[in-house]
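Asks: I have a structure I would like to understand better, so I am pasting it below and will then ask my questions one at a time.
In full-length UniProt numbering, the protein residues as written are 1 to 135.
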């Protein structure tokens, strides 16, 4: 059994997945939607997904809800102290959380397995080779 723990910059909020085996097998999802771009400040969001019931949260993240490109509501959670983005929950998949990969230590992440909103790629970006692509 593989455990994973991630945290915000100031460590006020910690997320622990006691058994991350299934989450790691799903791999990293890369999303180029305008909502992920705006919330990460990068050209894509990169997330690991897990059922909410499998994640232990220590601390009290703040939340912000808006409509994403899909038309569905997404609630993004962040540290109220340092501002680090932590995870998101989408209304259409309310039992899952999508954790920003940057909260986890280096050398612990699996390769991407899915990539979304490729129509938003910058001219200099290339899709990840061998990854399931969703336009």
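For every residue, glycine included, the Cβ atom is placed at its ideal position computed from N, Cα and C.
Below 8 Å on the Cβ atoms is my contact criterion, and I expect residue 4 with residue 108 to pass it. Report the Cβ-Cβ distance as a whole number of Å.
Replies: Here residue 4 is taken as the residue at index 4 of the chain shown, counted from 1. Here residue 108 is taken as the residue at index 108 of the chain shown, counted from 1. Going by Cβ atoms, the distance from residue 4 to residue 108 rounds to 6 Å, so yes, they are a contact pair.
Asks: If residue 120 and residue 7 are in contact, beta carbons under 8 Å, what's the gap, nearest whole angstrom?
Replies: By 1-based counting over the chain shown, the position of residue 120 is 120. By 1-based counting over the chain shown, the position of residue 7 is 7. With a Cβ gap of about 29 Å, residue 120 and residue 7 do not count as contacting.
Asks: Under 6 Å Cβ to Cβ from residue 45, same chain only, skipping five residues before and after it: list those, please.
Replies: Here the question's residue 45 lines up with position 45 in the chain shown. Closer than 6 Å at Cβ, skipping near neighbours: 31 and 36.
Asks: Using C-beta distances below 6 Å, list every residue in its chain close to residue 80, excluding the 5 sequence neighbours before and after it, in chain order.
Replies: In the chain shown, the residue the question calls residue 80 occupies position 80. 62, listed in sequence order.
Asks: State the CB to CB distance for the pair residue 87 and residue 100, rounded to an integer number of angstroms; the pair is presumed to be in contact (CB under 8 Å).
Replies: Along the chain shown, one-based indexing puts residue 87 at 87. Along the chain shown, one-based indexing puts residue 100 at 100. Going by Cβ atoms, the distance from residue 87 to residue 100 rounds to 6 Å, so yes, they are a contact pair.
Asks: Looking at residue 55 and residue 15, is the spacing between their C-beta atoms short of 8 Å?
Replies: In the chain shown, residue 15 corresponds to position 15, counting from 1. In the chain shown, residue 55 corresponds to position 55, counting from 1. Yes. Within cutoff.
Asks: Would you mind sorting residue 76 into buried or exposed? The rule is 16 or more other CB atoms within 10 Å of its CB.
Replies: Within the chain shown, residue 76 is the residue found at index 76, counting from 1. Residue 76 comes out buried.
Asks: Can you tell me whether DSSP reads residue 3 as helix, strand or coil?
Replies: As a first step, residue 3 must be located in the chain shown, where it is residue number 3. Three-state result, residue 3: coil.
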